[in-house]
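Chemist: Structure provided below as structure tokens; questions to follow.
2 protein chains.
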Amino acid sequence: MFKKQSIFLSLILSVIAFKGFSQQSVPLSLKMKNVGFTFNLNAQGTPVYQISYGKNEAVKSSVLGFKLDQGISLAENFKLLKADSVTVDETWKPVWGEVAQIRNHYKQLTVHLVQQGQKSILLDIVFRIFEDGLGFRYEFPVQENLKSFVVKEELTAFNMTGDHKTFWIPADFDSNEYKYTSSPLSAIDARKWGLISSGTIEGNIPDQSAVQTPLMMKAANGLYINIHEAALIDYPSMQLHVDKSTFGLSSSLVPDARGNKAYMRTPFHTPWRTVIVSDKATDILSSKMILNLNEPSKIENTSWIKPMKFMGVWWEMQVGRTSWNYTDQMETLHGEGKYVPNGRHAANTENVKHYIDFASKNGIEGLLVEGWNKGWEEWTDDKEEKFDFVTPYPDFDVKAVSDYAKAKNVKMIMHNETGGSATSYERQMDTAFRFMNRYGYGSLKTGYVSGIVPRGEHHDGQWMVNHYIRSIKKAADHHVMIDIHEPTRPTGLHRTYPNFMASEAGRGNEWNFFSDGNPPEHETILPFTRLIGGPMDYTPGIFKLRDYAPGVPERQMHSTLAKQLALYITMYSPLQMAADIPENYSAHMDAFRFIQDVAVDWDDTRIVEAEPGEYITIARKAKGKNEWFLGAITNGEKRETVVKLDFLDKNQIYTATIYADGKDAEWKTNPENYQIKTIKVTAKSVLKLMLAPGGGAAVHFRLLTNPKL
Amino acid sequence: MFKKQSIFLSLILSVIAFKGFSQQSVPLSLKMKNVGFTFNLNAQGTPVYQISYGKNEAVKSSVLGFKLDQGISLAENFKLLKADSVTVDETWKPVWGEVAQIRNHYKQLTVHLVQQGQKSILLDIVFRIFEDGLGFRYEFPVQENLKSFVVKEELTAFNMTGDHKTFWIPADFDSNEYKYTSSPLSAIDARKWGLISSGTIEGNIPDQSAVQTPLMMKAANGLYINIHEAALIDYPSMQLHVDKSTFGLSSSLVPDARGNKAYMRTPFHTPWRTVIVSDKATDILSSKMILNLNEPSKIENTSWIKPMKFMGVWWEMQVGRTSWNYTDQMETLHGEGKYVPNGRHAANTENVKHYIDFASKNGIEGLLVEGWNKGWEEWTDDKEEKFDFVTPYPDFDVKAVSDYAKAKNVKMIMHNETGGSATSYERQMDTAFRFMNRYGYGSLKTGYVSGIVPRGEHHDGQWMVNHYIRSIKKAADHHVMIDIHEPTRPTGLHRTYPNFMASEAGRGNEWNFFSDGNPPEHETILPFTRLIGGPMDYTPGIFKLRDYAPGVPERQMHSTLAKQLALYITMYSPLQMAADIPENYSAHMDAFRFIQDVAVDWDDTRIVEAEPGEYITIARKAKGKNEWFLGAITNGEKRETVVKLDFLDKNQIYTATIYADGKDAEWKTNPENYQIKTIKVTAKSVLKLMLAPGGGAAVHFRLLTNPKL
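Chains as they are written, first to last, in this note's numbering: chain Y, 2 to 710; chain B, 2 to 710.
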């Protein structure tokens with residue numbers, strides 16, 4: 002049982018009089034451990050900042066500012082009115098997470114600027130410096146000369162010191178489902194990727210020299226730098242334009258149908274712009290800066306929010322064995338009203354019960370069913386009314402399924418694919434959530450495949466950012482946990498809305514069916530990029546690694562089976578899918594045991610070792626238990642991982658059940674080769690794990706009941 | 002009491018074998034009384050049609066067709082597969098209207114065409130010929146080669162025979178609130194008007210040679226031709242591009258944010274394109290063709306739908322005496338949360354009770370209150386969340402007002418101004434209508450001032466057309482009558498949704514405050530243009546005709562007081578406002594008597610005489626009563642109108658109370674000059690009415706209780 006910990010909270014607030022503040026003079030500097038920061042106004046009165054790490058520069062002097070409508074350029078002629086500061090050191094407990102409690106320790110500097118021109122404009126910039134980086138945001142106070150306005154451009158720059166090695170995907174306004182690649186900044190060229198979103202490259206990736214955040218870079222001097230944003234609310238997502246000659250990055254906001262970026266009203270503040278910096282890659286993965294920059298939970302009663310594992314009537318459609326849609330004869334339906342079943346519809350009552358039986362028998366708590374509701378025949382058409390969110394196909398008995406799941410102690414997970422038609426979904430949302438409540442669906446997966454309606458809006462623009470948050474809030478009102486597919490990249494909002502469990506917003510396991518797949522290094526990059534802002538529903542746990550897709554024998558997972566297990570640890574999510582079909586698990590029940598056992602909520606996490614594009618090893622302690630789990634993955638290279646088990650309790654003996662690649666395992670030719678063994682270990686033990694090319698290892702540490710030292 | 006009439010309905014359906022149909026040959030011709038029609042395929046296989054009236058050509062041979070996406074051009078290479086025909090003669094009873102029953106008598110020809118190319122495409126065109134014109138629409142049957150598609154252009158043409166005198170307003174995508182002007186077709190130039198909608202002329206009126214429908218024309222040979230559309234559903238509004246050298250008109254559809262016109266799925270049909278034609282102007286006004294082309298009521302129980310007159314807490318804000326908004330200090334609200342009242346807020350409980358008292362005492366059934374709900378301070382800003390549709394300002398007690406109105410037998414009319422943010426309204430609609438039901442609001446005025454959200458969409462595009470219909474349906478679900486301001490132009494949908502009582506969609510009386518006003522001829526053109534598709538909430542009944550607006554003494558009504566009364570008859574609406582404030586009515590209670598007495602629902606209507614831009618005289622018989630009302634208006638010219646009273650029952654004596662312009666009345670210098678007298682008349686009498694420049698006359702005929710002939 003989970004022993005409830007007392008909440009530890011300390012809060013130190015102090016206004017520090019910086020030297021020279023009474024003279025309102027710049028520059029102003031702050032330091033937290035290795036991270037140093039300076040704010041200045043340059044000769045043109047442009048606000049600039051700079052970040053250092055130890056003796057090295059991390060971000061060179063970089064400008065801050067905006068272009069607004071009404072002819073307002075907030076780019077120069079600023080003066081410092083005053084500056085004030087505060088130091089905060091508090092500890093808070095997330096509702097769920099990688100650790101039981103999080104320290105939020107920062108120094109804050111607020112510079113109050115005025116731009117003098119025809120009309121004076123007030124602009125505050127708030128900087129928070131942490132031991133692992135800097136967060137800052139713009140705040141527009143209430144003022145006479147600036148009320149409602151349009152953001153035409155945000156000018157924020159992040160000037161790099163050199164041609165860093167960069168892990169990037171192109172700046173598509175509507176998709177993040179690209180393979181990560183690494184290259185020097187100077188070699189970034191978004192158009193070398195085929196377009197993934199629906200539309201045109203010109204319309205969706207107009208800037209071929211721009212990339213998505215979180216952007217992971219490694220400098221020649223060994224510094225790791227990660228740029229992203231926190232608390233993205235009522236504002237478009239930030240992309241980064243790359244100047245390939247100067248290595249300057251600059252904010253590029255996703256536009257709306259009219260080419261505008263954001264519609265604002267003072268008082269207003271932007272999301273936080275974040276720069277995580279360290280000389281250790283592991284610090285990037287353990288940083289809690291983005292969570293700390295988000296507001297505390299707005300949901301008071303969180304007792305209904307519970308991490309879980311789930312299966313899905315999903316992969317069988319994904320690989321083409323069955324279908325989401327009920328009929329293949331839409332002309333018959335449109336013409337004569339005849340609903341001719343295709344006989345391949347997966348979400349039928351009988352099949353769903355089969356999944357419920359398997360999940361129930363094997364202790365998997367949740368079951369997602371896709372394709373249960375009307376609309377799957379023509380949902381990628383360019384129309385607005387795509388889905389009915391409460392009307393099942395004729396062969397899916399909502400009541401019977403719901404009752405059966407309840408009797409079998411399995412939690413049904415609702416699926417609302419919108420096909421990108423957010424307007425249609427918003428109109429039906431009240432009805433859809435009442436339906437979920439009526440039939441006991443406590444979780445929801447939404448989806449936004451295809452072009453957005455309102456037409457001309459983008460997945461990552463201000464309108465859709467607000468839409469996703471509306472869906473999260475509406476879900477919270479109905480005590481429903483939410484997992485959003487195809488939204489923009491997360492920015493730590495799961496602190497504020499802890500029912501926002503996970504999202505996709507990246508290239509998941511499914512691409513191993515769609516395409517030539519995700520190369521083995523993909524999963525070693527995702528935690529440094531996509532996962533920086535929040536959990537990803539990556540859908541791990543595919544056991545049938547080859548020959549899963551009828552008619553396309555060349556498609557295969559770029560992974561060994563053992564690596565599929567390791568992903569449950571290395572790809573953090575409080576909702577973890579066991580993505581394969583029951584039959585494929587039945588063939589490997591010894592390995593499936595790890596999926597059954599692995600926790601989804603944690604008291605502690607140790608990033609044992611990590612290098613983006615190469616390897617990641619993480620150990621996590623299960624919530625409220627003296628049990629640890631470890632996952633280690635590698636890229637396409639074979640690797641020996643040596644893990645000191647010093648995270649285990651001293652003076653205790655543990656059993657370690659090791660799920661490892663077999664001797665001859667290799668992702669392409671022999672992925673199913675794995676071995677399982679159980680040994681006794683202590684905190685002094687050192688584990689050597691051999692990871693095959695594209696392989697991994699998963700370990701389950703349990704306290705031995707009667708330890709005899 | 003209204004004696005319920007038995008429903009007279011006769012329906013004759015017969016398939017007529019046209020000569021030559023078995024050979025699938027064209028041309029095909031039909032004739033109804035004076036109206037003749039021919040369909041043909043020209044040498045290129047392009048469908049063409051032609052309309053004649055008597056011996057004159059009304060519409061020269063004109064093409065039909067489309068440009069779709071997927072590279073499909075439906076402009077030529079068509080062949081006739083078959084043609085079939087039917088004759089219909091039925092009579093139906095509107096829930097409310099200008100007459101008690103309507104004859105729907107037409108011959109229908111359906112041509113089934115196939116375009117042979119790489120992929121053969123099926124297209125049907127349905128023509129209905131009436132005694133007063135032609136309606137036709139395109140129907141896309143279910144077919145293998147055309148499923149979902151985008152309409153890029155509709156090619157429908159209406160080729161005129163000459164440089165007709167035309168009554169037109171410019172083809173703004175977002176507004177119809179222009180002064181009508183008349184000019185030859187060759188002189189149409191939309192840009193001579195200042196832009197009225199928010200946006201730019203380039204964005205909102207890109208085609209300076211285009212005009213809105215209904216378009217009223219008069220040919221040199223005396224033919225009156227009116228072009229519009231009927232049953233506009235799931236399609237953008239049609240504008241007409243004018244070729245000023247050939248006098249050819251062609252369909253120009255309002256685009257969406259992406260420049261597309263409509264998103265469709267077969268089976269699908271367009272709205273009806275309508276051409277009303279006659280050698281008598283009065284026939285244009287009495288035509289029921291557009292209503293007949295709409296579907297019968299989809300609302301089964303219509304007992305809750307009741308025409309009425311209403312007053313409004315409105316004009317006092319409109320003229321600037323009081324305000325919609327509660328505070329003038331938004332910076333205080335945004336900054337400190339302090340809600341400082343401006344002391345000018347009209348929709349306060351006390352003031353509303355004052356209106357309720359007046360309405361109750363004087364038998365005006367309804368009361369509209371604008372500005373009662375939060376959001377009026379910054380509602381024209383370019384933001385999405387503008388209004389809260391259920392939260393009143395602090396000085397408006399919804400419950401108290403609702404109870405007071407009920408006790409005084411006055412029906413409260415809800416007001417939901419959206420500021421154009423349809424997305425925000427759609428999200429709140431469920432809540433807003435539940436609120437109306439809770440507080441007993443049976444009617445609703447909505448509004449769409451300012452730019453549309455979804456951004457990039459237009460008031461008259463497919464998305465908004467669908468939105469208006471969603472609002473009508475939602476209102477019907479909640480038994481609420483609806484009056485929509487700033488929608489697209491109506492197309493007779495009030496037959497199908499009889500809770501859709503009225504709309505604005507034109508330049509109402511209010512412009513006499515906003516601007517240099519509506520010239521005296523404006524109201525003589527509106528019935529030939531804006532009102533062709535449905536009732537207009539024109540807001541007549543202003544009694545204080547000058548000096549109503551503080552600080553702008555030059556503003557005045559372009560009307561005498563007597564003309565304001567006449568508008569209750571000449572501007573048909575089942576919702577008629579008494580738009581002035583109680584104090585201004587109190588100064589002329591003798592004239593106000595007409596507004597109290599005038600009916601809003603009718604058993605019969607006679608268009609006595611009419612000429613667009615010059616004069617209109619209409620007599621109407623009150624629903625279920627032996628009472629007639631007559632309205633006569635003129636333009637800026639003085640005029641003597643001679644009316645034979647042969648519409649009255651023979652062998653009966655009536656009293657006629659005549660509200661006429663005074664001897665020296667003139668709209669500019671002496672508008673308040675009126676005279677009221679009561680005389681006895683019979684069906685043999687002839688009334689001579691002197692209409693002042695900008696003047697009019699209103700007459701109330703009542704059966705004398707004890708007639709002694």
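We treat Cβ as the ideally placed atom computed from N, Cα and C, and that holds for glycine.
Give the residues from the region 402–436 of chain Y that approach chain B closer than 7 Å (Cβ to any Cβ), ordered along the chain.
Modeler: Against chain B - using a Cβ distance shorter than 7 Å - the residues of the region 402–436 of chain Y are Thr424, Glu427, Arg428 and Asp431.
Chemist: For the region 287–295 of chain Y against the region 482–496 of chain Y, are there 3 or more C-beta pairs whose distance is under 8 Å?
Modeler: Short answer: they touch.
Chemist: Quick one: Cα of Gly1(B) to Cα of Trp325(B), how far?
Modeler: No statement about residue 1(B) is possible, as the shown extent of chain B runs from 2 to 710 and does not include it.
Chemist: Helix, strand or coil, according to DSSP, for His335(B) in the structure here?
Modeler: Position 334 of the second sequence, counting from 1, holds the residue named residue 335(B). DSSP places His335(B) in helix when its eight states are reduced to three.
Chemist: Taking DSSP's pairing of strands, which residues face Gln557(B) in a bridge?
Modeler: Residue mapping note: residue 557(B) aligns to position 556 of the second sequence, counting from 1. Paired residue(s): Arg547(B).
Chemist: Got a sec: is the Cβ-Cβ distance from Ala1(Y) to anything in chain B below 8 Å?
Modeler: The requested residue 1(Y) does not occur in the structure, where chain Y is confined to residues 2 to 710.
Chemist: Which first and last residues belong to the beta strand (DSSP E) in which Ala698(B) is found?
Modeler: Within the second sequence, numbered from 1, the residue matching residue 698(B) stands at position 697. Its beta strand (DSSP E) spans residues Gly697 to Leu704.
Chemist: Comparing C-alpha positions only, which one of Trp97(Y), Gly697(Y), Val64(Y) and Asn222(Y) sits nearest to Ser716(Y)?
Modeler: Given that chain Y is displayed from residue 2 to residue 710, the structure contains no residue 716(Y) and the question cannot be resolved.
Chemist: Around the C-beta of Gly518(B), are 16 or more other C-beta atoms found within 10 angstroms, so that it is buried, or is it exposed?
Modeler: Sequence index remark: in the second sequence, residue 518(B) carries index 517 (1-based). Buried, because 16 or more other Cβ atoms sit within 10 Å of the Cβ of Gly518(B).
Chemist: Classify Arg508(Y) as helix, strand or coil using the three-state DSSP reduction.
Modeler: In the first sequence, the residue the question calls residue 508(Y) occupies position 507. Three-state result, Arg508(Y): coil.
Chemist: Residues of chain B with CB closer than 9 Å to the CB of His335(Y), please, in chain order.
Modeler: As a position in the first sequence, residue 335(Y) is number 334, starting the count at 1. Neighbours of His335(Y) on chain B, chain order: Val143, Lys148, Arg266, Thr267 and Pro268.
Chemist: Could you tell me which chain B residues have their CB closer than 9 Å to the CB of Gly457(Y), listed as they occur along the chain?
Modeler: Walking along the first sequence from the start, residue 457(Y) turns up at place 456. Those are Asp257, Ala258, Arg259, Pro455, Arg456, Gly457 and Glu458, listed as they occur along chain B.
Chemist: Considering Cα atoms alone, identify which of Ala263(Y), Asp650(Y) and Thr525(Y) is closest to Ser183(Y).
Modeler: Counted from its first residue, the first sequence places residue 183(Y) at position 182. Ranking Ala263(Y), Asp650(Y) and Thr525(Y) by Cα distance to Ser183(Y) puts Thr525(Y) first.
Chemist: Does the region 627–637 of chain B come close enough to the region 681–697 of chain B that 3 or more CB-CB pairs lie under 8 Å?
Modeler: Result yes; three or more Cβ-Cβ pairs closer than 8 Å.
Chemist: By how many angstroms is the C-alpha of Thr381(B) removed from the C-alpha of Val276(B)?
Modeler: As a working mapping, residue 276(B) is identified with position 275 in the second sequence. As a working mapping, residue 381(B) is identified with position 380 in the second sequence. Distance between the alpha carbons of Val276(B) and Thr381(B): 38 Å.
Chemist: Nearest by alpha-carbon distance to Arg607(Y): which of Thr618(Y), Ala600(Y) and Phe128(Y) is it?
Modeler: If you number the first sequence from 1, residue 607(Y) lands on position 606. Nearest of Thr618(Y), Ala600(Y) and Phe128(Y) to Arg607(Y), Cα basis: Thr618(Y).
Chemist: Whose Cβ in chain B lies nearer than 9 Å to the Cβ of Glu332(Y)?
Modeler: Here residue 332(Y) refers to the residue found at position 331 when the first sequence is read from its first residue. Val143, Gln144, Glu145, Lys148 and Thr267, listed in chain order.
Chemist: Closer than 7 Å by beta-carbon distance: list the chain B residues that pair up with Val151(Y), in chain order.
Modeler: Your numbering for residue 151(Y) matches position 150 in the first sequence. Residues of chain B passing the Cβ test: Asp383.
Chemist: Would a check of beta-carbon distances place Glu379(B) closer than 8 Å to chain Y?
Modeler: The residue given as residue 379(B) occupies position 378 in the second sequence. Yes, Glu379(B) lies at the interface with chain Y (some Cβ there is under 8 Å from its Cβ).
Chemist: Which same chain residues, not among the five before or five after Met691(B), have their C-beta less than 6 Å away from its C-beta?
Modeler: Along the second sequence, one-based indexing puts residue 691(B) at 690. Result list for Met691(B): Glu641, in chain order.
Chemist: Any idea if Glu371(Y) is buried or exposed, counting beta-carbon neighbours within 10 angstroms, 16 or more meaning buried?
Modeler: Locating residue 371(Y) in the first sequence gives position 370, counting from the first residue. Burial call: buried.
Chemist: Can you tell me whether Glu458(B) is buried or exposed, with buried defined as 16 or more other CB within 10 angstroms of its CB?
Modeler: Residue 458(B) sits at position 457 when you count from the first residue of the second sequence. Flag for Glu458(B) reads buried.
Chemist: Tell me whether Phe22(Y) sits in a helix, a strand or coil according to DSSP, three-state version.
Modeler: Here residue 22(Y) refers to the residue found at position 21 of the first sequence. Bear in mind that a pLDDT of 45 at Phe22(Y), under 50, signals an unreliable position, so the number given afterwards is only what the model happens to contain. Phe22(Y) falls in the helix class under three-state DSSP.
Chemist: Is Asn57(B) helix, strand or coil by DSSP?
Modeler: As a first step, residue 57(B) is located in the second sequence; it is residue number 56 there, counting from the start. Here Asn57(B) sits in strand by DSSP.
Chemist: Could you check the C-alpha separation between Ile300(B) and Ile483(B) for me, to the nearest Å?
Modeler: Counting from 1 along the second sequence, the entry for residue 300(B) is found at position 299. Counting from 1 along the second sequence, the entry for residue 483(B) is found at position 482. Approximately 14 Å between the Cα atoms of the pair.
Chemist: Do you know offhand how far Pro185(B)'s Cα is from Arg428(Y)'s?
Modeler: The residue given as residue 185(B) occupies position 184 in the second sequence. The residue given as residue 428(Y) occupies position 427 in the first sequence. Spanning the two alpha carbons is a distance of roughly 46 Å.
Chemist: Starting from the Cα of Ile306(B), find the closest Cα among Ile126(B), Met502(B), Ile357(B) and Ser149(B) and give me that residue.
Modeler: On the second sequence, position 305 is the one that residue 306(B) refers to. For Ile306(B), the nearest C-alpha among the options comes from Met502(B).
Chemist: Could you tell me the boundaries of the beta strand (DSSP E) in which Gly663(Y) lies?
Modeler: Here residue 663(Y) refers to the residue found at position 662 of the first sequence. That residue, Gly663(Y), is in no beta strand (DSSP E); it is neither H nor E in DSSP.
Chemist: Do you know how far the Cα of Leu124(B) is from the Cα of Gln24(B)?
Modeler: On the second sequence, residue 24(B) is found 23 positions in, with the first residue counted as 1. On the second sequence, residue 124(B) is found 123 positions in, with the first residue counted as 1. Low local confidence applies: a pLDDT of 40 at Gln24(B) is under 50, so the model's placement there is unreliable, with the coordinate-based value given in what follows. The alpha-carbon atoms of Gln24(B) and Leu124(B) are separated by roughly 19 Å.
Chemist: Have a look at Asp164(B) and Gln577(B) and give me their C-alpha separation to the nearest angstrom.
Modeler: Walking along the second sequence from the start, residue 164(B) turns up at place 163. Walking along the second sequence from the start, residue 577(B) turns up at place 576. Roughly 37 Å between the two C-alpha positions.
Chemist: Please report the straight-line C-alpha distance between Gly37(Y) and Ile130(Y), rounded to a whole angstrom.
Modeler: Residue mapping note: residue 37(Y) aligns to position 36 of the first sequence, counting from 1. Residue mapping note: residue 130(Y) aligns to position 129 of the first sequence, counting from 1. Distance between the alpha carbons of Gly37(Y) and Ile130(Y): 8 Å.
Chemist: Val278(Y) and Leu224(Y) - do their beta-carbons sit closer together than 8 Å?
Modeler: If you number the first sequence from 1, residue 224(Y) lands on position 223. If you number the first sequence from 1, residue 278(Y) lands on position 277. The answer is yes: Cβ separation under 8 Å.
Chemist: Near Ile17(B), what residues of its chain come up, given a Cβ to Cβ distance below 6 Å and the 5 sequence neighbours on each side ignored?
Modeler: Mapped onto the second sequence, residue 17(B) falls at position 16. In this prediction, Ile17(B) has a pLDDT of 42, which is less than 50 and means its spatial position is unreliable; what the coordinates show is noted afterwards. So the list reads Ser86, once near-sequence residues are dropped.
Chemist: Does the Cβ of Ala588(Y) have 16 or more other Cβ atoms within 10 Å, making it buried, or fewer, making it exposed?
Modeler: Walking along the first sequence from the start, residue 588(Y) turns up at place 587. The residue is exposed, with fewer than 16 neighbouring Cβ atoms inside 10 Å.
Chemist: Counting along the chain, where does the beta strand (DSSP E) carrying Asn105(B) start and finish?
Modeler: In the second sequence, residue 105(B) corresponds to position 104, counting from 1. Unbroken beta strand (DSSP E) run through Asn105(B): Ile103 to Gln116.
Chemist: For Ser298(B), which residues in the same chain have their Cβ closer than 8 Å to its Cβ, ignoring the five residues on either side in sequence?
Modeler: Counting from one through the second sequence, the residue named residue 298(B) turns up at place 297. So the list reads Val96, Arg496, Thr497, Tyr498 and Pro499, once near-sequence residues are dropped.
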